[in-house]
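Undergrad:
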Amino acid sequence: MLKNLFPFVLFVGLVVLAACNRKVATESNGAPALAGTWELREDQRGMMPTRQHEPGSGNRYQFTQTGYEYFVEGALDKKGTYRVEADNTVEKEVGLQLPAGQFTHRIVFDDDTTATKTFFR
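Using the working numbering, the letters of the sequence shown map in sequence onto residues 9 to 129.
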């Protein structure tokens, strides 16, 4: 059954920091800049309910200008390269209607454009 839901997988809510009151930096292509450390607070995968992550749980991304490291419960799980690109297909990908202007960019990890799309806001 999960295999049938694979196209609907959405990883949402990447990195919601408690103190996100700063001005959002942008890259030269107009995409939001991700450089820094971001703690994962919630995620949603397709039709599954949103999963909440406790603050300080150790689930975080560390982004440089071109590289990333992903930590699960404080342990390094994966590292590689990434890029941010404009993508307005989130509704098509997840089959849900979302508020206009949200999730208009995605992260492409390790130049894998065939992987499940990772949108963020």
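Ideal Cβ placement from N, Cα and C applies to all residues, glycine included. This one's a predicted model, so the numbers in the text were calculated from it and none came from an experiment.
Taking only three categories from DSSP, how would you classify residue 87?
TA: Strand, per DSSP.
Undergrad: Could you check the C-alpha separation between residue 112 and residue 101 for me, to the nearest Å?
TA: Roughly 12 Å between the two C-alpha positions.
Undergrad: So, residue 90 versus residue 76, is the Cβ gap smaller than 7 Å?
TA: The answer is yes: Cβ separation under 7 Å.
Undergrad: Cα-Cα, which of 64, 44 and 93 is closest to residue 50?
TA: When only C-alpha atoms are compared, the closest one is 64.
Undergrad: Report the option in 47, 92, 40 and 127 whose CA atom is closest to the CA atom of residue 81.
TA: Ranking 47, 92, 40 and 127 by Cα distance to residue 81 puts 47 first.
Undergrad: Tell me, please, whether the CB atom of residue 77 is closer than 7 Å to any CB atom in chain C?
TA: Among the chains of the structure shown, chain C does not appear; only one protein chain is present.
Undergrad: Sorted by chain position, which residues of the same chain lie with C-beta nearer than 7 Å to residue 84's C-beta, five sequence neighbours on each side aside?
TA: 77.
Undergrad: May I ask which residues mark the beginning and end of the alpha helix (DSSP H) holding residue 101?
TA: Per DSSP, residue 101 belongs to the alpha helix (DSSP H) from 98–102.
Undergrad: Less than 6 Å between C-beta atoms, sequence neighbours within five positions excluded: which residues of the same chain meet that for residue 104?
TA: Result list for residue 104: empty, nothing under 6 Å.
Undergrad: Can you find the residues in the same chain that come closer than 8 Å, C-beta to C-beta, to residue 66, ignoring five residues on each side of it along the sequence?
TA: Once the five neighbours on either side are set aside, the close Cβ partners of residue 66 are 79, 80, 81, 82 and 83.
Undergrad: Measure the CB-CB distance between residue 72 and residue 108 and report whether it falls below 7 Å.
TA: The answer is no: Cβ separation not under 7 Å.
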